[in-house]
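For reference, the structure is listed below as structure tokens.
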Amino acid sequence: MKIGIIVHSKTGNTLHVAQKIMEKLKSDGHLVSIEQIIADNDGEIDIKKIRLINIPNVSEYDALIFGAPVRGFSLSPIMQAYLTNCAAFNGKKVSCFVTQHFPYPWMGGNRAIEQMKNLCESKDTKMICSSVVNWKNKKRDKMIAETVKKLCDIKS
Ligand SMILES: Cc1cc2nc3c(=O)[nH]c(=O)nc-3n(C[C@H](O)[C@H](O)[C@H](O)COP(=O)(O)O)c2cc1C
532 MKIGIIVHSK
542 TGNTLHVAQK
552 IMEKLKSDGH
562 LVSIEQIIAD
572 NDGEIDIKKI
582 RLINIPNVSE
592 YDALIFGAPV
602 RGFSLSPIMQ
612 AYLTNCAAFN
622 GKKVSCFVTQ
632 HFPYPWMGGN
642 RAIEQMKNLC
652 ESKDTKMICS
662 SVVNWKNKKR
672 DKMIAETVKK
682 LCDIKS
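If you count the sequence shown from 1, you need to add 531 to reach this note's numbering.
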């Protein structure tokens, strides 16, 4: 399967998890690319004012995995702007994950996942799986390993 891992990552945490997911998917025989969503005003919180300068194209993939940081107890505004404006997914398999500083998912991670799920499902698909990685949790490495395992369980 051709899988796109589409990430917003400013300081590299989300990208790090995306790279682990890519390694596993490749070892399972999939064709995988990581594409980054980049804004030239990354700190902007008003979604309408965000200027995206790298906008990944979802149409070339059979399945999509979205990754983003939590910002202000919500999904990063950059990912919100991207998902609001990108093309429909037309039933493609979609999964997502977020990374966050605080140690527990109820500290913004769950909310960000819910926002990502709603945005994706407004694009004609069903979210098949999601995960939160809490960077300051003592079990971070285990959380990353579980996220990789969950999100790589993609049936053709
Ligand atoms: C503006 C801003 C707001 C943030 N708000 C939160 C927050 O509400 N909760 C949280 O746990 N982490 C918060 N963080 C931390 C990031 O979610 C965390 O460091 C994340 O792993 C960064 O991902 P990245 O390295 O891929 O950019 C915030 C970071 C920034 C820059």
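Glycine included, C-beta positions come from ideal geometry on N, C-alpha and C.
Open item on the list: To the nearest angstrom, how far is the alpha carbon of S564 from that of I685?
Closed with: 15 Å
Task: Any non-hydrogen atom of ligand 1 closer than 8 Å to V538 Cβ - done: yes
Task: Start and end residues, beta strand (DSSP E) containing A618 - done: Counting along the chain, A618 falls outside any beta strand (DSSP E), and DSSP gives it neither H nor E.
Open item on the list: Shorter than 8 Å, the distance from the beta carbon of R728 to the closest heavy atom of ligand 1, or not?
Closed with: Here the chain comprises residues numbered 532 to 687, so residue 728 is not present and cannot be evaluated.
TODO: Flag this pair as yes or no: are the beta carbons of T630 and N665 separated by less than 9 Å?
DONE: yes
Open item on the list: With H, G and I counted as helix, E and B as strand and the rest as coil, what does DSSP make of C651?
Closed with: helix
Open item on the list: Just list the residues that DSSP pairs T656 with in beta bridges.
Closed with: Its beta-bridge partners do not exist; DSSP assigns none.
Open item on the list: On the CB-based measure, 16 or more other CB atoms within 10 Å of its CB, does F604 come out buried or exposed?
Closed with: exposed
Task: Residue interval of the beta strand (DSSP E) (run including S564) - done: L562 to Q567
TODO: Could you round the C-beta distance between P608 and I581 to whole angstroms and report it? I think they count as a contact, below 8 Å.
DONE: 6 Å
- [ ] Report the option in F633, S626, D571 and V589 whose CA atom is closest to the CA atom of L682.
- [x] S626
Task: Nearest to A643 (by Cα), restricted to the options I659, G598, A676 and I675 - done: G598
Task: Cutoff 8 Å; reference R671; Cβ partners in own chain excluding five residues on either side - done: V664 and N665
Open item on the list: I'd like to confirm something about P600: is its beta-carbon nearer than 8 Å to some heavy atom of ligand 1, or not?
Closed with: yes
Open item on the list: For E677 and S662, which I take to be in contact (beta-carbon distance under 8 Å), what is that distance rounded to the nearest angstrom?
Closed with: 7 Å
TODO: Measure the CB-CB distance between K669 and P636 and report whether it falls below 9 Å.
DONE: no
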